[in-house]
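Take a look at the structure:
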């Protein structure tokens, strides 16, 4: 998918803001613009929350790079994404959890650490098989949503599972030339409901509508339509 520089900047800001906000990061959208696009740190921003935003930007840039997008999806890509995301935030970067954990706001048990490597090997194999045998955008969106629910229920890392999982969803969509899925902070309760209830169909329906809107946004950033003097004015919460 041919994405303009202006749209990629817009995506980096919105995805970094909303995905972090779902995990209770309090940095606002305008503050995220300052951090990502202007390398300016707003007053009274905590160091941890700053790292969460900055790391997310770098993890996205890694996944959006042509070199990464053309590679097959492997543990190496998953671990590298998590390692970038958790840089300066957690000592267990880029490796599976060693202690039991849980998903905040959900009432199910995540996978035991001893089960996690086998479950994740099965998960990646299934993702790649379905990705390679998909025949339509809907097939890919169904796969992305269903596999994301499975990923979050396994909860393979000590921290950063939600952000990693949402990044991988968009990596898989963009590999198939499908517009990204931005889950906004206002959709947090619905999103957690989809995962907790393993409701892949409702999640996929939700994703299709979001992706249609995102496709229109991509077109609005086409070079011939971008107002260079006001190219960041479309950032929305």
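Numbering (full-length UniProt numbering), first residue to last: 1 to 237.
Cβ atoms here follow ideal geometry from the backbone N, Cα and C, with glycine treated the same way.
Remember, it's a predicted structure, so these values are computed and weren't measured experimentally.
By DSSP, does residue 170 sit in helix, in strand, or in coil?
Residue 170 carries a helical assignment under DSSP once its states are collapsed to helix, strand and coil.
Leaving out five residues before and five after residue 236 in sequence, what residues of the same chain have Cβ atoms less than 8 angstroms from its Cβ?
Its pLDDT being 49, under 50, residue 236 is placed unreliably by the model, and the measurement read from it follows with that caveat. 14, 29, listed in sequence order.
Residue 115 versus 85, 156, 102, residue with shortest Cα-Cα distance:
Nearest C-alpha to residue 115: 156.
Evaluate contact between the region 24–41 and the region 49–68, counting only Cβ atoms and requiring at least three cross-stretch pairs below 8 angstroms.
Because the criterion of three Cβ pairs below 8 angstroms is met, the region 24–41 and the region 49–68 touch.
Measuring only the C-alpha atoms, how far is residue 99 from residue 9?
Taking the straight line from one Cα to the other gives about 37 angstroms.
Work out the CA separation of residue 128 and residue 183 for me, nearest whole Å.
Straight-line Cα distance between these residues: approximately 23 angstroms.
Where does residue 82 fall in DSSP's three states?
Per DSSP, reduced to three states, the secondary structure at residue 82 is helical.
Indicate the three-state DSSP secondary structure (helix, strand or coil) for residue 122 in the structure shown.
The three-state reading of DSSP puts residue 122 in helix, counting H, G and I together.
If you follow the alpha helix (DSSP H) that residue 201 is part of, which residue opens it and which one closes it?
200–220 is the extent of the alpha helix (DSSP H) around residue 201.
Identify, in the order they occur along the chain, each residue of the same chain with its Cβ nearer than 7 angstroms to the Cβ of residue 149, setting aside the five sequence neighbours on each side.
By the criterion of a C-beta distance shorter than 7 angstroms, residue 149 is surrounded in its chain by 194, 195, 198, 200, 203, once the five residues flanking it on both sides are discounted.
Below 8 angstroms, can you find three or more Cβ-Cβ pairs linking the region 56–68 to the region 139–147?
They do not touch, by the three-pair rule.
Just list the alpha helix (DSSP H) runs in the region 10–85, keeping only unbroken ones of 4 residues or longer that don't cross its boundaries, in chain order.
Complete alpha helix (DSSP H) runs here, min 4: 29–38, 47–64, 66–69, 75–85.
Quick check on residue 229: does DSSP put it in helix, strand or coil?
Low per-residue confidence applies at residue 229: pLDDT is 45, beneath 50, and the placement is therefore not dependable, though the value from the model is reported in the following sentence. Note: residue 229 maps to helix in three-state DSSP.
So what's residue 182 in DSSP terms, helix, strand or just coil?
If DSSP states are grouped into helix, strand and coil, residue 182 belongs with coil.
Sequence-distant residues of the same chain with beta carbon closer than 6 angstroms to residue 231, five excluded per side
The predicted position of residue 231 is uncertain, since its pLDDT is 45 and thus under 50; a value taken from the coordinates is nonetheless stated next. Close CB contacts of residue 231 within its chain, under the 6 angstroms cut and outside five residues either way in sequence, are with 6 (chain order).
Per DSSP, what kind of secondary structure is residue 94 in: helix, strand or coil?
Taken through DSSP and simplified to helix, strand or coil, residue 94 comes out as coil.
Range covered by the alpha helix (DSSP H) that runs through residue 151
Unbroken alpha helix (DSSP H) run through residue 151: 137–154.
So, at 8 angstroms on beta carbons, what are the nonlocal neighbours of residue 18 in its own chain, with the 5 sequence-adjacent residues on each side left out?
Beyond the five residues adjoining it in sequence on each side, residue 18 comes within less than 8 angstroms, by CB distance, of 182, 183, 184, 185 in the same chain, given in chain order.
At what residues does the alpha helix (DSSP H) containing residue 188 begin and finish?
Bounds of the alpha helix (DSSP H) holding residue 188 are 188–196.
Identify, in the order they occur along the chain, each residue of the same chain with its Cβ nearer than 6 angstroms to the Cβ of residue 78, setting aside the five sequence neighbours on each side.
Beyond the five residues adjoining it in sequence on each side, residue 78 comes within less than 6 angstroms, by CB distance, of no other residue in the same chain.
Nearest residue (CA-CA) to residue 130, options 209, 180, 73:
Put simply, of 209, 180, 73 the residue whose alpha carbon is nearest the alpha carbon of residue 130 is 73.
Residue 6 by DSSP, collapsed to three states: which one?
In the structure shown, residue 6 sits in a helix (DSSP, three-state: H, G or I).
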